[in-house]
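Asks: Going by the UniProt record's numbering, the residue at position 8 of the sequence shown is 8; the numbering climbs one at a time, nothing skipped.
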Amino acid sequence: MDFSLSTEEREVRDWVRTFVQRELVPREQDVLRRERAGEPGLTGEELTELRLKAKESGFWGVQTPEEYGGMGLSAVMTALLEAELGRTFVQFSFGGSADNILFHANEEQKQRYLLPTIAGERKSCFAITEPGAGSDAKAIRASARKDGSDWIINGEKTFITGGNEADFTMVFAITDQEKGADGGVTCFLVDRDMGWRSEYIDTMGEWGPAALVFEDVRVPESQVLGEVGQGFALAMQWIGRGRYLLPARAIGSCERLISMAIEHANTRETFGALIAERQAIQWMIADSGVELEALRWLVLHAAWQVDSGMDSRHAQSVAKLYGGTKANEIVDRVMQIHGGMGYTRELPIERWYRELRLLRIYEGTDEIQRRTIARNLLKGHVKVSGSLG
Ligand SMILES: Cc1cc2nc3c(=O)[nH]c(=O)nc-3n(C[C@H](O)[C@H](O)[C@H](O)COP(=O)(O)OP(=O)(O)OC[C@H]3O[C@@H](n4cnc5c(N)ncnc54)[C@H](O)[C@@H]3O)c2cc1C
1 MDFSLSTEER
11 EVRDWVRTFV
21 QRELVPREQD
31 VLRRERAGEP
41 GLTGEELTEL
51 RLKAKESGFW
61 GVQTPEEYGG
71 MGLSAVMTAL
81 LEAELGRTFV
91 QFSFGGSADN
101 ILFHANEEQK
111 QRYLLPTIAG
121 ERKSCFAITE
131 PGAGSDAKAI
141 RASARKDGSD
151 WIINGEKTFI
161 TGGNEADFTM
171 VFAITDQEKG
181 ADGGVTCFLV
191 DRDMGWRSEY
201 IDTMGEWGPA
211 ALVFEDVRVP
221 ESQVLGEVGQ
231 GFALAMQWIG
241 RGRYLLPARA
251 IGSCERLISM
261 AIEHANTRET
271 FGALIAERQA
281 IQWMIADSGV
291 ELEALRWLVL
301 HAAWQVDSGM
311 DSRHAQSVAK
321 LYGGTKANEI
331 VDRVMQIHGG
341 MGYTRELPIE
351 RWYRELRLLR
361 IYEGTDEIQR
371 RTIARNLLKG
381 HVKVSGSLG
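#1: Provide the residue span of the beta strand (DSSP E) that contains Val213, from first to last.
#2: Can we say the stretch 185-193 touches the stretch 240-250, given the rule of at least three CB pairs closer than 8 Å?
#3: What residues are listed by DSSP as bridge partners for Trp151?
#4: Which residues does DSSP pair with Ser124 in a beta bridge?
#5: Put Glu206 into one of helix, strand or coil per three-state DSSP.
#6: How far does the alpha helix (DSSP H) with Leu189 in it extend, from its first residue to its last?
#7: Decide if Ser222 is buried, meaning its Cβ has at least 16 other Cβ atoms within 10 Å, or exposed.
#8: Among Val219, Lys379 and Glu255, which has the Cα closest to the Cα of Ser149?
#9: If contact is defined by three or more beta carbon pairs under 8 Å, each pair taking one atom from either stretch, is the stretch 94-107 in contact with the stretch 116-125?
#10: Thinking just about the alpha-carbon of each residue, which of Phe214, Ser57, Ala265 and Tyr68 is nearest to the one in Gly339?
#11: Report, in whole angstroms, the separation of the C-beta atoms of Ile160 and Ala127, which I expect to be a contact under 8 Å.
#12: Taking 8 Å as the threshold, find out whether the stretch 267-278 comes into contact with the stretch 28-38 through three or more Cβ pairs.
#13: Which residues does DSSP list as the beta-bridge partners of Gly173?
#14: Between Pro209 and ligand 2, is the CB less than 6 Å from at least one heavy atom?
#15: Identify whether Ala54 lies in helix, strand or coil by the three-state DSSP scheme.
#16: Can you give the Cα-Cα distance for Glu346 and Glu355, rounded to whole angstroms?
#17: Flag this pair as yes or no: are the beta carbons of Val299 and Ala319 separated by less than 7 Å?
#18: Let me confirm a value: Val384 is counted as buried when at least 16 other C-beta atoms fall within 10 Å, else exposed. Which label applies?
#19: Please classify Val76: does DSSP put it in a helix, a strand, or coil?
#20: On the criterion of 16 or more Cβ atoms from any shown chain inside 10 Å, does Gly44 qualify as buried, or is it exposed?
#21: Is Ala105 helix, strand or coil by DSSP?
#22: Specify the secondary structure class of Gln63 as computed by DSSP and reduced to three states.
#23: Would the beta-carbon of Ala211 fall within 7 Å of that of Thr158?
#24: Distance check for Glu165 and Asp30, CA to CA, integer angstroms please.
#25: In three-state DSSP terms, what is Phe89?
#26: What residue from Gly229, Gln279 and Arg370 has the CA that sits closest to Lys146's CA?
#27: Please tell me whether Leu102 and Leu114 are closer than 7 Å, where the distance is taken between their beta carbons.
#28: Which first and last residues belong to the beta strand (DSSP E) in which residue 394 is found?
#29: Please indicate yes or no: does the CB of Thr129 lie closer than 6 Å to some heavy atom of ligand 1?
#30: In angstroms, rounded to a whole number, what distance separates the CA positions of Ile140 and Ala173?
#31: Cα separation between His301 and Asn376?
#32: With H, G and I counted as helix, E and B as strand and the rest as coil, what does DSSP make of Ile129?
#33: Of all the options Val382, Glu350, Gly324 and Val331, which has the alpha carbon lying nearest to the alpha carbon of Ile368?
#34: Any idea what DSSP makes of Phe94, helix, strand or coil?
#35: Output yes or no for whether 7 Å exceeds the beta carbon distance between Arg296 and Ile251.
#36: Quick check: the Cα distance between Leu378 and Arg371, rounded to an integer number of angstroms?
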């Protein structure tokens, strides 16, 4: 078994590491100051400028197929790259990407939605969650009824990432009440100027998702993405597009955080000795180091399964659950090691503390991941001996 990175993987990782170090880390104090004033960490112009800078070195459309001008990187490569981006809390992602389900668009829709999204000219959002339906996504109630050749959409969506900035949404609505999620949900591409509105939701983090309100929003038949009645499968495809990438980012955050803890432990003295010499502190650092290493391999293993064309859903759930719980334990320990300073806003630990908390909630809560993992094991879909055969 060879765990080493290829030359290409090392080169790509090192390039991103240098980019983060040179372009993003120096902005951290500014970003913190702005976020605390209720402004976005990076302005739209700054983000575009950074993306174009990365593009000059070829970093554009990381997972976008090459025929669409992207890099078409493997899952393992993308996980390594996400881990590097996670080393800073400055919210940056490379340009040139579009939601995976937009690739199911017909030719005319591709011109209007997919290509402008890849080019960064349009912004999308994915809207399935409703006030009454989150984990239980099949319980959605937003509806679309036929009126002549148009569809009339009604309902409310909530916690939609990017919903305040998006100029179109991929919204899921019931088109056949009797069939429900099994053939009765359809995905619609709906421009904001077709009539939906968004309302900002204040959260403990910097994400600021939105509620989307649809009141008799009329859209022509040409706005259906994929087939009428096949929306739920599209929604599951969107959610399953890369669950391993969420904990991948947390790897980088934990690397930074543990490094901060080590530095502090090696300089802070109490009772005449460095706190690094206290077993209580050593154990927190040891546990964090072990868990970080385990997380790294769980993520890379899930990514490797994706690249191998295996059914990676179980491995992705394992990585997401472990990443969410352990990253939160690690940031908590790092705060503890810093004592009172860890709790202040002079250090960015509280910023990570709030951000990492979300990992246990969105795109499948801890409990939903456990439910999936338990089902797979109890029903024998997955062997306890793992995927080594
Ligand atoms: C910042 C943020 C961004 C988001 N972005 C998006 C987005 O872009 N698009 C989108 O559509 N949605 C988005 N979501 C919604 C997110 O996916 C849901 O919040 C999440 O799936 C949980 O659903 P819920 O909030 O309704 O909680 P609920 O489903 O009501 O769950 C409440 C609690 O009960 C537990 N629970 C539920 N069912 C079970 C069960 N069967 N067994 C055991 N425990 C259970 C849950 O784990 C949780 O602890 C976002 C959420 C947040 C907070």
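Glycine is no exception: its CB is placed at the ideal position from the N, C-alpha and C atoms.
Replies: Looking at the atomic coordinates:
#1: Note, Val213: beta strand (DSSP E), Ala210 to Pro220.
#2: Proximity of the stretch 185-193 to the stretch 240-250 falls short of the contact definition, fewer than three beta-carbon pairs being nearer than 8 Å.
#3: Lys146 and Val219
#4: Phe168
#5: coil
#6: Taken as a continuous stretch (DSSP letters only), Leu189 belongs to no alpha helix (DSSP H), being part of the beta strand (DSSP E) at Val185 to Asp191.
#7: exposed
#8: Val219
#9: yes
#10: Ala265
#11: 5 Å
#12: These segments do not touch.
#13: The amino acid occupying residue 173 in the given sequence is Ala; Gly does not appear at that position. Answer is Thr186, bridged to Ala173.
#14: In the structure on display, ligand 2 does not appear, and the ligands it does have are ligand 1.
#15: helix
#16: Rounded to whole angstroms, the gap between the alpha carbons of Glu346 and Glu355 is 17 Å.
#17: yes
#18: Its Cβ having fewer than 16 others within 10 Å, Val384 is exposed.
#19: Looking at Val76 - three-state DSSP - the assignment turns out to be helix.
#20: exposed
#21: coil
#22: coil
#23: yes
#24: 22 Å
#25: coil
#26: Gly229
#27: yes
#28: Absent from the structure is residue 394, since the part of the chain shown begins at 1 and ends at 389.
#29: Yes, ligand 1 has a heavy atom inside 6 Å of this Cβ.
#30: 7 Å
#31: One C-alpha to the other measures close to 18 Å.
#32: At residue 129 the sequence reads Thr, which differs from the Ile that was named. In this structure, Thr129 counts as coil in the three-state DSSP scheme.
#33: Gly324
#34: coil
#35: yes
#36: 10 Å
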